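Here the sequence shown stands for residues 26 to 791, where the numbers follow the numbering used here.
Just so you know, even glycine gets a beta-carbon here, dropped at the ideal spot from N, CA and C.
Predicted, not measured: the structure shown is a model, and the values here were computed from it.
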Amino acid sequence: MLYLNPPYYIIEGVTVYPDHADPTQFHYLPAMPHLTTEFDSVVGQEIPQLSLLKYRGEAGSGAFLNFEVNLGINQEKLEEVQRKLQQLHGLRDTPRMSPVMVEDGQVRLMILGKQSPDSTNGQPGTPSTGSSAPQPLPGQPQFVLKLEHYSKPALYNDHQAIFSVQLDSAGAMMIEEALKGEMMPVGIVYSLDFLALRPAYNVSIVADWNRVQTHFQESFGAEVLFSSLQIDTVVDKLIEDRVIEINVDTFIPEGEDSGGVLGRRDEAIANFKDMILENFFEPSLDPIKENDNEFLDTIERLSQIAPAGAAMFHYKKVDITRIDQKRMNLAMSERTTVRRSIHPQAHLRGMFRLLRDSQGTVDLSRFVREITLDDPWFKRREVSARSLLNFSNDSVDSVNLTLWYGNEPKTLVLDAANSTATTRWNSILENRLMKREVRYSYRVNFKDVDTAERPGVLQSPELVTTGDRFEINPRGEGLYFLDDIQIGVTDRFPWNTYSSVEVLVKYADPDKQIDLEESFILKPDRPEVTWKRFRLDRKNDAFKYKLIYRSVSSGDRETVWETTTQERLTVPNPTPRRRTVTVVPAVTWSLVSMIFVDLSYRDLDNDIWVDESLFFDKDANKPKHFVVDLINPEQRRVSYVVRLLLTDNRLIEVAPSETMGDKIFVRADMMGHRIVTVQPEPVEFGDRNIVRLEVKLRYEDPDAGLRFADTFIFTSPNDRNLFEYDYADAQKQAYSCTVRTIYTNGMSRETDLGEIERDQLVLRVS
């Protein structure tokens, strides 16, 4: 057993202790912590057991550091220690060396400001920072995310311990760079307990027995009885006079479980006194025999006994030359087993010393591996479908979507409550890349429709998507069309003559099994309706209509069936069409002498030109009318120019203006009024994969403090709108226009048309 008694040696950095019994047996303490290495016969080098696995991907980035450490001493160093021990002790045979047998222990890790906590159950704990180390703020690197290791090392052989550390990206960079240097920021601390022998106490008693015998003869030579207390007093006197020398060495410090050892030491001194009694004295009473006749003698002898409780003796003269000298001298010692702890600790060395080549560089490719987590094999092909349908507006109940990835189909149901759905498959690899193509088709199920007039279910052709998300737009993809045809009466319709107008519409497409017939009633409180015309043929957009005017007093008026492709059906006044514009002077005649108003109407398609000039002064100041008969009721634009001659002969000429209203108020401070017709070119939006056009128009004249802006949305080539604004300077009539085109794939494009002076703006559809 390891003996904590000099001499012990530190040879080649190895601490060596002797054995308590075998002089050829020695015990050595473990070395400082270091990386475990394995010999690679191919490269002929010891390879550290360490790996740094760096990873990155959609799941995150970081690294795992795994390594093994031990406290072992290489065999070559142990053999050198054995040779030196043999020389120091002059041994014939090579001494035997064995590692200290460890009873218990723990191991802890410190890395990049984190450390594994104390643990008594051997289980790994949560890493903690030092007591003064601040916690990182959100967004700052943590370096170490998790520590994993068993808190107890192997406790045999080289006391192997394994560690696994999870690092964030900053911690991975720190460790990788540290591997190239002399020392890594990785500290290992062992705490090992072992048992060893050590001296407890040593008692030696040396007596001058001639003087002791003489002293006893002088003290107890007479034939009298004396007690053991008297003998103890004489012995203590001999010790005080150093006739008897007692030397006691105690090696156990106070408080270190010394009670039992000190008791055994005192017992050794008591044994010496017993030896004196045994050799120089004998009891005064022999064992009592069972003899009734000796009763009186016994009573007499007991009466002579000294104080109660003290044994009585008489001196026995002994010649010291007849006593074995060894028996007369006393030497007693004891060794005790103690538990000791050692704490080997060190920072791990980097790879520079272990693996550098002749140029001093280190190749870490064997230890540092870069891993991409986004391996296609582990991924799942996921697609999300979103319906652009307005289920309520299009009278659609649901859309059954069937998707195929490879040969595996999956079905999703989209409706008004769930317009988006997602599905996924295990990935299919082609040339180590995930196959992206997903085939799909869908079935549109209509509700609240008459299946005798139109289909109740439509099936799309098979389509392909390669993205992660795609949109289902049956109308945009041309599966069907739903036209919002506006049906309404013209302005100033004579409701006092006709109580209502019945509008009959028909649309037929025999090839597509469509035969629609609808009727609508227009009334003063409902002068306009919308017909949602369903069709399947992009080009077949013509429908028939018939008007029946319900007269209040006379007979009804009924038109013949007519055909149109317009998406706005205007019910005209059945009486002769007439356009009347009333001009009202609103000036102070004390300031204005005369007013000249020139009006004109143009309908070039029907070859109509009407011009008229109106004159006003203080005498002729009543409103006057400009009247024109219309062929095209939609063409209602009237142009006019106003000139005012003031009483001081100054002339005010208002910029050329236009109106769609029925009245013009002439004022001295009036400005020019312009009307711009805005419409897209006659191209089907669906042919160009366009959903709508968003048009922003703006007119500004900072000098005059004028600013007008408007926004129009066009969803078909038949839509048109009017942009009206006032202007003060005829040289500053230009307006600006910006067009944003929204495509069926969700993308958009914005085009700035710049400054424009045209009265009719036709937007390009592309």
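Pair within 9 Å by beta-carbon distance, residue i and residue j
i	j	result
K171	Q191	yes
L439	L428	no
L373	V211	yes
Y570	V530	yes
L90	I213	no
V127	Y53	no
V39	K79	no
A221	Y42	yes
D712	R563	yes
T763	V703	no
E592	D508	yes
S452	P486	no
M199	G375	no
A56	E201	no
F416	R479	no
E270	A232	yes
Under the three-state DSSP convention, the category residue i falls into
i	result
R457	coil
Q70	strand
N498	coil
Q100	helix
G711	helix
D630	helix
T448	strand
H59	strand
V106	helix
L113	helix
G196	helix
R236	helix
N95	strand
P401	coil
A203	helix
N432	coil
Contacts around residue i, its chain only, beta-carbon distance under 8 Å, and the 5 residues preceding and following it disregarded
i	result
K472	S420, V421, D422
E553	Q511, I512, G513, V514, L547
R602	D654, L655, I656, P658
E433	W450
Cβ-Cβ separation, residue j to residue i (assumed contact under 8 Å), whole Å
i	j	result
V528	I510	Not quite, the Cβ-Cβ distance comes to about 10 Å (not below 8 Å), so this is no contact.
D628	N657	6 Å
P166	D193	6 Å
V691	V609	7 Å
W450	R406	5 Å
V701	F733	At roughly 11 Å, the Cβ-Cβ gap does not stay under 8 Å, so V701 and F733 are not in contact.
L794	A753	Outside the displayed span of the chain (26 to 791) sits residue 794, for which this structure offers no information.
Q370	P58	7 Å
For residue j and residue i, the rounded distance between their alpha carbons
i	j	result
D726	V787	24 Å
N272	V228	6 Å
I313	T258	Residue confidence is low: I313 scores 48 on pLDDT, short of 50, so the model does not pin down where it sits. No coordinate-derived value is stated.
P278	F51	26 Å
R774	I738	15 Å
Q350	V268	Summary for Q350: the model assigns pLDDT 44, below 50, so the residue's position carries little reliability; its value from the coordinates is reported in the next sentence. Roughly 16 Å separates the two Cα atoms.
N631	D687	22 Å
I187	V94	6 Å
S366	D218	4 Å
R662	S409	51 Å
P32	H114	10 Å
M357	H174	50 Å
R783	F621	26 Å
T119	R391	41 Å
N296	R364	30 Å
N575	N746	Before going further, note that residue 575 is Arg rather than Asn in the sequence given. Spanning the two alpha carbons is a distance of roughly 31 Å.
Q18	V424	What is shown of the chain runs 26 to 791, which leaves residue 18 out entirely.
T491	E780	42 Å
Cβ-based neighbour list, residue i, same chain, cut-off 6 Å, excluding 5 preceding and 5 following
i	result
V489	E462, R464
L414	V421
S328	Any reading at S328 must be qualified, since the residue scores a pLDDT of 47, below 50, and its modelled position is unreliable; no value is offered.
E37	K102, E105, V106
Residues of its chain near residue i, where Cβ-Cβ distance is below 7 Å and the 5 sequence neighbours each way are ignored
i	result
N565	D534
E587	K569, Y570
E496	R411, L413, G771
P549	W520
Y523	Y574, R575, S576, V577
CB contact check: residue i to chain D, cutoff 9 Å
i	result
V635	Here chain D cannot be found, since the structure has a single protein chain.
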